[in-house]
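In this note's numbering, the protein residues as written are 18 to 461.
Quick reminder that beta carbons are idealized off the backbone N, C-alpha and C, glycines included.
These numbers come from a predicted model, not from an experiment.
Report on the structure given below.
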């Protein structure tokens, strides 16, 4: 008896050590291999954001010319970015990530020229790079995660840490951009971005292995993979929410400025938004311990509807609007890792980058159409409320699909168990104990 207990104890200790080793390996992969390269690469984007408009304005560009430059970026992401970023499945996800850095660095170089057409080229490069940033890195991560045999549920941990880290990187990038621009001019943050992108590109070449989707997948097969109600739901939710987020980025400054009738503290407000996103990523960790994202994202999207309805209901109440915007950013912090996890589950590995980029087409179309209309601010917020309401309804439908799938799996499991039990009973009848004949067992 003592010997059996000792053996069981040794087996338990051995399994515990194996589990601990796997978790350490996962932590190493998550923090050292992926996040240490992805987050600095993302900072290359954050460093530029605060001063793009200011730089164009300092070059004497008219408001219409600046609008055309921004429109070129969205159009480039829609037309060129979708197809170029989609080649990651065929030619390699790591190669696509390297292309992101090269294109974004080239876009930064064009910021040194006060020439409209050179700046247009830079916006085109930037639009393509943005499409790659939001698809290739995630595709590489999910493929490597699965290839190394990690538990799919651990993707939630990586996406949550990525959202949290991205918020911290955004705050640091904003501070660095602020001080460097104050000291040396608006173009310096773009030069710092080039240095970061080049450095991280070298690190990616050294540390990352290449992975692919289905290299021979035809375009019609890729569309067939996308024609799945779960994928369609994800595409709609992402397009509606992130399209709203793009519009929000353009509208929060005038909304708060008009409501306060004073000069607002852009830096402090931006920092508040980033902290809110960090809080959201931590809330995601808490929620995901008890429910799947398909469930709690219904509440998150419904809350975001109320947040962006606030400037419509109380357009002159600055504190109410600010509080609603902070709560909306918390929803953003929950949204990003939730969508990353659901994409990792529902989108086929073979054509992941392709499908993710085609899912972004409605997003860019929505933003371009809204911007072309030159709508008043109240009308834009009304559009945001409509988009988010529709996204909430689609999320509810996705939740129902997931619930039905789980019920079918449970029924199938019970059926298989019943069939297995039935086979055991028949076997016992065919081979009764104690030398009894099948007939005598039946007669008993």
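Legend entry - Exposed unless 16 or more other CB atoms sit within 10 angstroms - verdict on residue 421: One-based indexing of the chain shown puts residue 421 at position 404. Classification of residue 421: exposed, given that the 10 Å Cβ count is below 16.
Legend entry - Three-state class that DSSP yields for residue 377 in the structure shown: Within the chain shown, numbered from 1, the residue matching residue 377 stands at position 360. DSSP places residue 377 in coil when its eight states are reduced to three.
Inset, instruction - Compute the Euclidean distance between the alpha carbons of residue 104 and residue 370, then round it to the nearest angstrom. - result: Counting from 1 along the chain shown, the entry for residue 104 is found at position 87. Counting from 1 along the chain shown, the entry for residue 370 is found at position 353. The alpha-carbon atoms of residue 104 and residue 370 are separated by roughly 8 Å.
Inset, instruction - Would you mind listing the beta strand (DSSP E) stretches within the stretch 270-310 that are 3+ residues and don't spill past its ends, in chain order? - result: The stretch 270-310 contains no complete beta strand (DSSP E) run of 3 or more residues.
Legend entry - Residues near residue 120 in its chain [Cβ-Cβ closer than 8 Å; skip 5 each side]: Taking the first residue of the chain shown as 1, we reach residue 120 at position 103. Taken in chain order, the residues that qualify are 142, 143, 145, 146, 149.
Inset, instruction - Measure the Cβ-Cβ separation of residue 304 and residue 401 and say whether it is below 8 Å. - result: Counted from its first residue, the chain shown places residue 304 at position 287. Counted from its first residue, the chain shown places residue 401 at position 384. At the C-beta level, residue 304 and residue 401 stay beyond 8 Å of one another.
Legend entry - residue 326 versus residue 338: straight-line alpha-carbon distance, rounded: As a position in the chain shown, residue 326 is number 309, starting the count at 1. As a position in the chain shown, residue 338 is number 321, starting the count at 1. One C-alpha to the other measures close to 9 Å.
Legend entry - Own chain residues within Cβ distance below 7 Å of residue 247, not counting five before or after: For the purposes of this step, residue 247 is identified with residue 230 of the chain shown, where counting begins at 1. The residues are 363, 415, 418.
Legend entry - Residue range of the unbroken alpha helix (DSSP H) whose run includes residue 152: Residue mapping note: residue 152 aligns to position 135 of the chain shown, counting from 1. From DSSP, residue 152 is part of no alpha helix (DSSP H); its letter is neither H nor E.
Legend entry - C-alpha distance - residue 333 paired with residue 268, whole-angstrom precision: Residue 333 sits at position 316 when you count from the first residue of the chain shown. Residue 268 sits at position 251 when you count from the first residue of the chain shown. Annotation: residue 333 to residue 268 spans about 15 Å, alpha carbon to alpha carbon.
Inset, instruction - Flag this pair as yes or no: are the beta carbons of residue 394 and residue 198 separated by less than 8 Å? - result: Position 377 of the chain shown, counted from the start, is the residue given in the question as residue 394. Position 181 of the chain shown, counted from the start, is the residue given in the question as residue 198. Note that the C-beta distance between residue 394 and residue 198 is not below 8 Å.
Legend entry - Run of the alpha helix (DSSP H) containing residue 225, from where it starts to where it stops: The residue you call residue 225 lines up with position 208 of the chain shown. For residue 225, there is no enclosing alpha helix (DSSP H), since its DSSP letter is neither H nor E.
Inset, instruction - Leaving aside the five residues before and after residue 411 along the sequence, list all residues of the same chain whose C-beta is less than 6 Å from its C-beta, in chain order. - result: Here residue 411 is taken as the residue at index 394 of the chain shown, counted from 1. Only 250, 253, 254 meet the Cβ criterion.
Legend entry - Alpha-carbon to alpha-carbon, residue 71 and residue 78: Indexing the chain shown from 1 puts residue 78 at position 61. Indexing the chain shown from 1 puts residue 71 at position 54. Cα-Cα distance, rounded: 10 Å.
Inset, instruction - Could you tell me the distance, in whole angstroms, from the CA atom of residue 152 to the CA atom of residue 75? - result: Within the chain shown, the letter at position 135 stands for residue 152. Within the chain shown, the letter at position 58 stands for residue 75. Their Cα atoms are separated by approximately 33 Å.
Legend entry - DSSP-derived helix/strand/coil call for residue 229: Within the chain shown, numbered from 1, the residue matching residue 229 stands at position 212. Residue 229: coil per DSSP, three-state reduction.
Inset, instruction - If I'm right that residue 228 touches residue 110 with Cβ under 8 Å, what's the distance once you round it to whole angstroms? - result: Translated into positions along the chain shown, residue 228 becomes position 211. Translated into positions along the chain shown, residue 110 becomes position 93. Their Cβ separation, rounded to whole angstroms, is 5 Å, which keeps residue 228 and residue 110 in contact under 8 Å.
Legend entry - Beta carbon of residue 256 nearer than 8 Å to that of residue 379: Residue mapping note: residue 256 aligns to position 239 of the chain shown, counting from 1. Residue mapping note: residue 379 aligns to position 362 of the chain shown, counting from 1. In contact: residue 256 and residue 379 (Cβ atoms closer than 8 Å).
Legend entry - Any non-hydrogen atom of the ligand GDP closer than 7 Å to residue 346 Cβ: You won't find the ligand GDP in this model; it holds no ligand whatsoever.
Inset, instruction - Please say whether residue 206 and residue 117 have beta carbons closer to each other than 8 Å? - result: Numbered from its first residue, the chain shown carries residue 117 at position 100. Numbered from its first residue, the chain shown carries residue 206 at position 189. The beta carbons of residue 117 and residue 206 sit no closer together than 8 Å.
Legend entry - Rounded straight-line distance, which links the Cα of residue 399 to that of residue 405: Numbered from 1 along the chain shown, position 388 holds the residue referred to as residue 405. Numbered from 1 along the chain shown, position 382 holds the residue referred to as residue 399. Distance from the CA of residue 405 to the CA of residue 399, rounded to the nearest whole angstrom, comes to 10 Å.
Inset, instruction - Please list, in chain order, all residues of the same chain as residue 186 whose beta carbon is under 7 Å from its beta carbon, the five residues on each side excluded. - result: Position 169 of the chain shown, counted from the first residue, corresponds to residue 186. Cβ within range, chain order: 56, 59, 60, 63.
Legend entry - For residue 58, the first and last residue of its enclosing alpha helix (DSSP H): Here residue 58 refers to the residue found at position 41 when the chain shown is read from its first residue. In this chain, the alpha helix (DSSP H) harbouring residue 58 covers 53-63.
Inset, instruction - Look at the alpha carbon of residue 88 and the alpha carbon of residue 413, and state the distance between them as a whole number of angstroms. - result: Looking up residue 88 in the chain shown gives position 71. Looking up residue 413 in the chain shown gives position 396. Between residue 88 and residue 413, the alpha-carbon positions lie close to 33 Å from each other.
Legend entry - Straight-line gap, residue 388 to residue 259 (C-alpha atoms, nearest Å): Residue 388 sits at position 371 when you count from the first residue of the chain shown. Residue 259 sits at position 242 when you count from the first residue of the chain shown. Approximately 15 Å, taken between the alpha carbons.
Inset, instruction - Quick one: measure Cβ to Cβ for residue 274 and residue 281, integer angstroms, because I've assumed they're closer than 8 Å. - result: Taking the first residue of the chain shown as 1, we reach residue 274 at position 257. Taking the first residue of the chain shown as 1, we reach residue 281 at position 264. Right, their Cβ atoms sit about 5 Å apart.
Inset, instruction - Put residue 89 into one of helix, strand or coil per three-state DSSP. - result: Working through the chain shown from its first residue, we reach residue 89 at position 72. Residue state for residue 89 is assigned as helix, using DSSP reduced to three classes.
Legend entry - DSSP-derived helix/strand/coil call for residue 364: As a working note, residue 364 is residue 347 in the chain shown. Here residue 364 sits in coil by DSSP.
Inset, instruction - Can you tell me which of the three DSSP states residue 165 falls into? - result: As a position in the chain shown, residue 165 is number 148, starting the count at 1. Note: residue 165 maps to coil in three-state DSSP.
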